[in-house]
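Undergrad: So that we are looking at the same thing, I have put the structure below in structure tokens.
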Amino acid sequence: MAMTHASPQDLFALLDGLGIAHTTLEHEPVFRVEEGAHIKASLPGGHSKNLFLKDHRGQIWLISALDSTQINLKALPKAIGSGRLSFGSEALLLEVLGVRPGSVTALALINDRDGRVRFVLDSALAAKEPVNFHPLHNGATTGLSTEGLMMFLKAVNHEPMIVDLEMAG
């Protein structure tokens, strides 16, 4: 049974419905953190890098970190209480979060209706104002307050685990 995933318009409608202020800048698609430097220069706040991971026990993890945070994948399991981690497949990413590689974002948790994903938020990103994520595709960046992000996460039933990922190295 094919599940329909939320569109960026559905996402914005949810944010609006929750009273969460957000701004979105359309830009050329970016696939890697370093590609978007000129875009980030024009946007205030913390920019995210997002990792879609699966542990050897089958638990799916989404990590949203400040783009400058160095993440040690070997040390991460101890910091978040996971099994050994590897990157989730493109098929799993599409199935669970409804996005493709290069578009991974905390905002895609809108599509994890079955609660299969555990969400980890880097404390360095949580400390920024605003926080910036792709709105389900990598041809735009959406900024919202950290408080707005927390309201969104509550609305989609994903309690964030806030971890200092820099220290987890």
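For the sequence shown, our numbering assigns the number 175 to the last residue and increments by one with no breaks.
A virtual CB, placed ideally from N, CA and C, is assigned to each residue, including glycine.
Comparing C-alpha positions only, which one of Phe58, Ala161, Gln65, His44 sits nearest to Arg119?
TA: Among Phe58, Ala161, Gln65, His44, the Cα nearest to that of Arg119 belongs to Ala161.
Undergrad: Please report the Cβ distance between Glu172 and Thr152, rounded to the nearest whole angstrom; I am assuming they are in contact, meaning their Cβ atoms lie under 8 Å.
TA: So it is not a contact: roughly 17 Å between Cβ atoms.
Undergrad: For Asp128, write down the residues that DSSP places opposite it in a beta bridge.
TA: Looking at the DSSP assignment, Asp128 forms a beta bridge with Val169.
Undergrad: Would you identify the three-state DSSP class for Ala81, choosing helix, strand or coil?
TA: Three-state result, Ala81: coil.
Undergrad: If distances are taken between C-alpha atoms only, which option among Leu131, Arg124, His140, Gln76 comes closest to Asn163?
TA: Cα-wise, what sits closest to Asn163 is Arg124.
Undergrad: Tell me the DSSP secondary structure of Gly52 in three-state form.
TA: Gly52 falls in the strand class under three-state DSSP.
Undergrad: Three or more beta-carbon pairs under 8 Å between the segment 68-76 and the segment 142-151, yes or no?
TA: Because the criterion of three Cβ pairs below 8 Å is not met, the segment 68-76 and the segment 142-151 do not touch.
Undergrad: Along the chain, where does the alpha helix (DSSP H) containing Glu96 start, and where does it finish?
TA: Here the alpha helix (DSSP H) through Glu96 covers 96-103.
Undergrad: Are Ile86 and Val126 closer than 7 Å when you measure CB to CB?
TA: A contact, by the Cβ cut-off of 7 Å.
Undergrad: Rounded to a whole number of angstroms, what is the C-alpha to C-alpha distance between Lys60 and Leu82?
TA: Straight-line Cα distance between these residues: approximately 12 Å.
Undergrad: Is it buried or exposed for Leu115, if we count other Cβ within 10 angstroms and need 16 for buried?
TA: Flag for Leu115 reads buried.
Undergrad: Distance check for Lys84 and Thr111, CA to CA, integer angstroms please.
TA: Approximately 23 Å between the Cα atoms of the pair.
Undergrad: In chain order, what residues of the same chain have a beta carbon less than 6 Å from the beta carbon of Thr29, not counting five sequence neighbours either side?
TA: Excluding sequence neighbours, Thr29 sits near Gly149.
Undergrad: Rank Gly108, Pro166, Leu155, Leu159 by C-alpha distance to the C-alpha of His143 and give the top, closest one.
TA: Per the Cα distances, Gly108.
Undergrad: Using only the alpha-carbon positions, how far apart do His140 and Leu113 sit?
TA: Roughly 7 Å between the two C-alpha positions.
Undergrad: Using C-beta distances below 8 Å, list every residue in its chain close to Pro35, excluding the 5 sequence neighbours before and after it, in chain order.
TA: So the list reads Gly108, His143, Asn144, Gly145, once near-sequence residues are dropped.
Undergrad: Taking Ala1 and Ile168 to be in contact with their CB atoms under 8 Å, please state how far apart those CB atoms are, rounded to whole angstroms.
TA: With the chain covering 7 to 175 only, the question about residue 1 has no answer from this structure.
Undergrad: Between which two residues does the beta strand (DSSP E) holding Leu6 run?
TA: This structure does not reach residue 6, given that the chain is present from 7 up to 175, and the question cannot be answered.
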